[in-house]
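See structure below.
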Amino acid sequence: MSAVVTSAPPRTEAGFRTREIWRIARLHTVNPSVLFGIPWLILGAAWAVSVLIAVIMTAAGAPPQAFDGLRYSWAVLSPQWYMVAVGVQAVSFTFSFALGFGATRRDFWLGTAGIFVVVSLVNAIAIATLVQLEKATGGWWVNAHMFDALWYGIDGWVADAFTTFVLQLTVLFLGASVTTVYMRWRMRGMMVLLFASLLALVAVTAVLTFTNSWPAVLTAVAGLGVIGFFGWLLVAALVFAALGYVVVRRATPR
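First residue of the sequence shown? That's 87 in our numbering, and the numbers climb one at a time after it.
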């Protein structure tokens, strides 16, 4: 009687990458409050303040046109500053841990990018829907403008979802890509990046000022429209993602 030795089927590289990318995405959601809880807590607090202001204005007998000024509130954007920090933490807190468990740098960046897309998509759908709900209820029955503000509520649900998705993706990749500079070159790299960015900003400002080009630039930006502007912002998000990947390939764990 002879034993038959069977070998396990070969593991394909593509399948291995898929599993590793999925593991990285799950790693980022170990504490879901970071990605979903705290941003919506910030947004909820901003909503409560916005509604309270509208209630006070109503009680004080403010005329209807006075509520139009609430459309210029930036409360709907309040979580974006925190989302930059989320992008920073996504790299600084998990990069070394992920590599320690056998993930490659490519796996790590693709998994991180995947969770950024999911978070941006979920928030975009939710905020675009809340804009329509706010309009349908007359500003939560008190003429408040929390979500129906700035460019929101003008071009419809699809436009609101698209602009929110792009904005979320941009701030997340901005925070993550800047952190890859630290992971690669540590504080020296961060200082070079800071001073180079400031120098570029001053140089562009000086050129536009001395050539009296500000009116032309502002006219060109206004001519893009909301969708056109956020289309270019999406290009910036993709550039941040690509640069972050290039840098993280040489980054070393702390």
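Don't be surprised by glycine CBs; every beta carbon is placed ideally from N, CA and C. Computed from a predicted model, the values in this text were never measured in an experiment.
Exercise. Looking only at its own chain, which residues have a Cβ that is under 7 Å from the Cβ of G317, when we skip the five neighbours before and after it?
Worked result: By one-based count along the sequence shown, residue 317 stands at place 231. Taken in chain order, the list of residues that qualify is empty.
For this session: Take I139 as the anchor and find which of W195, P118, P165, A230 has the nearest alpha-carbon.
Result: Locating residue 139 in the sequence shown gives position 53, where the first residue counts as 1. Minimum Cα distance to I139 is reached at A230.
Problem set entry | R97 versus L320: straight-line alpha-carbon distance, rounded | To locate residue 97, count along the sequence shown from 1; it is residue 11. To locate residue 320, count along the sequence shown from 1; it is residue 234. With a pLDDT of 41 at R97, under the threshold of 50, the modelled position of that residue is not reliable, and the figure given next carries that caveat. The alpha-carbon atoms of R97 and L320 are separated by roughly 36 Å.
For this session: Specify, as a first and last residue, the run of the alpha helix (DSSP H) that I139 falls within.
Result: Position 53 of the sequence shown, counting from 1, holds the residue named residue 139. Looking at the DSSP string, the run of the alpha helix (DSSP H) that includes I139 is 124-145.
Exercise. Grouping DSSP H, G and I as helix and E and B as strand, with all else coil, what is L236?
Worked result: For this step, residue 236 is matched to residue 150 along the sequence shown. In the displayed model, L236 falls within coil according to three-state DSSP, outside both helix and strand.
For this session: Report all residues from its chain with a CB closer than 8 Å to the CB of S299; omit the five preceding and five following residues, and keep chain order.
Result: Position 213 of the sequence shown, counted from the first residue, corresponds to residue 299. Once the five neighbours on either side are set aside, the close Cβ partners of S299 are V293.
Problem set entry | For W271, the three-state DSSP class (helix, strand or coil) | Residue numbering aside, residue 271 sits at position 185 when the sequence shown is read from its first letter. Three-state result, W271: helix.
Exercise. When burial is assigned at 16 or more other CB atoms within 10 Å of the CB, is F183 buried or exposed?
Worked result: For the purposes of this step, residue 183 is taken as residue 97 along the sequence shown, with counting starting at 1. When all chains shown are included, F183 counts as exposed.
For this session: Quick one: give me the first and last residue of the alpha helix (DSSP H) that V217 is part of.
Result: The sequence position of residue 217 within the sequence shown is 131, counting from 1. Start and end: 191-222.
Exercise. Just the Cα atoms here: how many angstroms apart are Q254 and A189?
Worked result: Within the sequence shown, the letter at position 168 stands for residue 254. Within the sequence shown, the letter at position 103 stands for residue 189. In a straight line, the C-alpha of Q254 is about 26 Å away from that of A189.
Exercise. How many angstroms separate the CA atom of R105 from the CA atom of V334?
Worked result: By one-based count along the sequence shown, residue 105 stands at place 19. By one-based count along the sequence shown, residue 334 stands at place 248. Approximately 20 Å, taken between the alpha carbons.
Exercise. Nearest-angstrom Cα distance between L129 and V120?
Worked result: On the sequence shown, residue 129 is found 43 positions in, with the first residue counted as 1. On the sequence shown, residue 120 is found 34 positions in, with the first residue counted as 1. Cα-Cα distance, rounded: 14 Å.
For this session: Report the rounded CA-to-CA distance for A89 versus V257, giving the unit in angstroms.
Result: Residue mapping note: residue 89 aligns to position 3 of the sequence shown, counting from 1. Residue mapping note: residue 257 aligns to position 171 of the sequence shown, counting from 1. Because the pLDDT of A89 is 48, which lies under 50, any placement of that residue in the model is unreliable, and the question is left without a value.
For this session: Take R270 as the anchor and find which of T249, F153, Y331, A134 has the nearest alpha-carbon.
Result: By 1-based counting over the sequence shown, the position of residue 270 is 184. Looking at the Cα atoms, Y331 is the closest of the given residues.
Problem set entry | Boundaries of the alpha helix (DSSP H) in which T104 is found, first to last residue | Position 18 of the sequence shown holds residue 104. Element bounds for T104: 99-114.
Exercise. If you draw a straight line from the alpha carbon of W341 to that of R157, how long is it in whole angstroms?
Worked result: Because residue 341 is not part of the residues shown, which for the chain are 87 to 340, the question remains open.
Exercise. What is the C-beta distance between V267 and L279, in whole angstroms, given that I count them as a contact (C-beta under 8 Å)?
Worked result: By 1-based counting over the sequence shown, the position of residue 267 is 181. By 1-based counting over the sequence shown, the position of residue 279 is 193. Their Cβ separation, rounded to whole angstroms, is 5 Å, which keeps V267 and L279 in contact under 8 Å.
Problem set entry | Close beta carbons around T180, own chain, < 7 Å, minus the five adjacent residues each side | As a position in the sequence shown, residue 180 is number 94, starting the count at 1. The answer, listed in chain order, is L113, H114.
Exercise. Would you call the CB atoms of G275 and V170 closer than 9 Å?
Worked result: To locate residue 275, count along the sequence shown from 1; it is residue 189. To locate residue 170, count along the sequence shown from 1; it is residue 84. Against a cut-off of 9 Å, the Cβ pair of V170 and G275 comes out as no contact.
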